[in-house]
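Asks:
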Amino acid sequence: MEYSRWLDDDHRHIAELRTALQAHLSDGDLRLIVDGYIAHYDEIFNLKGVAAKSDVFHLITGMWTTPAERCFLWMGGFRPSELIKMLIGQLDPLTEQQVVGIYSLQQSSQQAEEALSQGLEQLQQSLIDTVATASLHDGMHHMALALGKLSNLEGFVRQADNLRQQTLHQLHRILTVRQAARCFLVIGEYYGRLRALSSLWLSRPRETLIVDDNSCQT
């Protein structure tokens with residue numbers, strides 16, 4: 001329910017950004033709208049923090065998102081370095097200093113992503129070993145150990161969300177107010193198109209699904 005409300009607010013913020021850019025508002029007025037959008041994204045990270053404490057599996061598997069969004073999910077959200085890569089070609093013209101700042105941000109984001117991914121892989125392997133070695137005699141002990149290790153998942157999701165949040169704030173600092181407005185509009189429209197793609201996919205005629213199933217078997 002909270003996420004649905006956030007999505008409704010997201011549509012409003014995107015429309016406000018689009019209108020502001022088309023109307024060529026002053027930098028001061030535009031800054032208020034951009035700051036509002038940053039605060040809007042801060043809210044989703046707060047909501048996800050609460051959700052992770054309640055059911056981290058629901059969050060990390062992306063069951064709260066649409067099918068197309070889940071395709072690109074990394075630890076319960078977007079991969080910062082990939083988001084930056086998508087944005088780079090759409091923010092021209094950039095100054096040399098901005099280009100250096102954005103590429104540096106992309107590199108540091110990628111390094112942090114790799115470290116988190118490796119940590120998660122180690123946790124998964126540790127869980128496999130713990131569950132696989134459980135026996136009838138000490139099964140409950142091993143399950144208790146496994147539960148303790150599963151609680152670390154919340155920490156990984158929280159760190160990944162912190163990285164996502166920091167990336168958005170860093171982009172905000174590197175870009176001019178108009179570039180930042182354009183940046184957040186591109187992000188919002190991109191996820192809007194992914195959600196629209198999911199709706200089209202889910203509403204395909206049943207005949208199309210049957211044909212696709214048959215083609216996979218040949």
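Note that the UniProt record's numbering has the sequence shown beginning at 1, numbered continuously upward.
Every residue gets a Cβ at the ideal spot worked out from N, C-alpha and C, and that includes glycine.
Reducing DSSP to helix, strand and coil, say where Gly77 ends up.
Replies: Looking at Gly77 - three-state DSSP - the assignment turns out to be strand.
Asks: Tell me the DSSP secondary structure of His24 in three-state form.
Replies: The answer is coil: DSSP assigns His24 none of H, G, I, E or B.
Asks: Ordered along the chain, which non-local residues of its own chain (more than five positions away) have a Cβ less than 6 Å from that of Asp129?
Replies: Here the set comprises nothing.
Asks: Excluding the five sequence neighbours on either side, which residues of its own chain have a C-beta within less than 6 Å of the C-beta of Tyr37, listed in chain order?
Replies: These residues qualify, in order along the chain: His13 and Phe184.
Asks: Since Asn152 and Leu123 should fall inside the 8 Å C-beta cutoff, what is the C-beta to C-beta distance between them, to a whole number of angstroms?
Replies: About 6 Å separates the two Cβ atoms, so the contact holds.
Asks: Sort Thr65, Trp6 and Gly188 by Cα distance to Val34 and report the nearest one.
Replies: Measuring from the Cα of Val34, the nearest candidate turns out to be Gly188.
Asks: Kindly give me the distance between the Cβ atoms of Val157 and Leu59, rounded to whole angstroms, as I take these residues to be in contact under 8 Å.
Replies: Between Leu59 and Val157 the Cβ distance is about 6 Å, and since that is below 8 Å, they are a contact.
Asks: Count the C-beta pairs between the stretch 165-177 and the stretch 105-122 that are closer than 8 Å, then say yes if the count reaches three, no if not.
Replies: Counting Cβ pairs under 8 Å, three or more are found: they touch.
Asks: Three or more C-beta pairs closer than 8 Å, one from the stretch 43-56 and one from the stretch 17-25: is that the case here?
Replies: Touching, no.
Asks: Using a Cβ-Cβ cutoff of less than 8 Å, which residues in the same chain neighbour Ser126 once the five nearest sequence positions on both sides are dropped?
Replies: Counting only Cβ-Cβ distances below 8 Å, and skipping sequence neighbours, we find Lys149.
Asks: Do you know offhand how far Arg173's Cα is from Val99's?
Replies: Rounded to whole angstroms, Arg173 to Val99 spans 13 Å at the Cα level.
Asks: Touch check for the stretch 82-91 and the stretch 53-69: three-plus C-beta pairs under 8 Å?
Replies: With the cut-off at 8 Å, the stretch 82-91 and the stretch 53-69 do not touch.
Asks: Which residues in the same chain as Arg178 place their Cβ atom closer than 8 Å to its Cβ, once the five residues preceding and following it in sequence are excluded?
Replies: Same-chain partners within the cutoff: Leu21, Asp27 and Leu30.
Asks: Since Ser199 contacts Glu69 with CB under 8 Å, what's their CB separation in whole angstroms?
Replies: About 12 Å; that fails the 8 Å criterion.
Asks: Could you give the distance in angstroms between the alpha-carbon of Tyr41 and the alpha-carbon of Thr133?
Replies: One C-alpha to the other measures close to 43 Å.
Asks: According to DSSP, simplified to helix, strand and coil, what is Met143?
Replies: Three-state DSSP puts Met143 in a helix.
Asks: I believe Met75 touches Leu116 by the beta-carbon criterion, under 8 Å. Please report the beta-carbon distance rounded to the nearest angstrom.
Replies: So it is a contact: roughly 7 Å between Cβ atoms.
Asks: Going by the CB atoms, is the gap between Ala52 and Glu154 shorter than 8 Å?
Replies: Yes. Within cutoff.
Asks: Do you know offhand how far His24's Cα is from Ala181's?
Replies: In a straight line, the C-alpha of His24 is about 11 Å away from that of Ala181.
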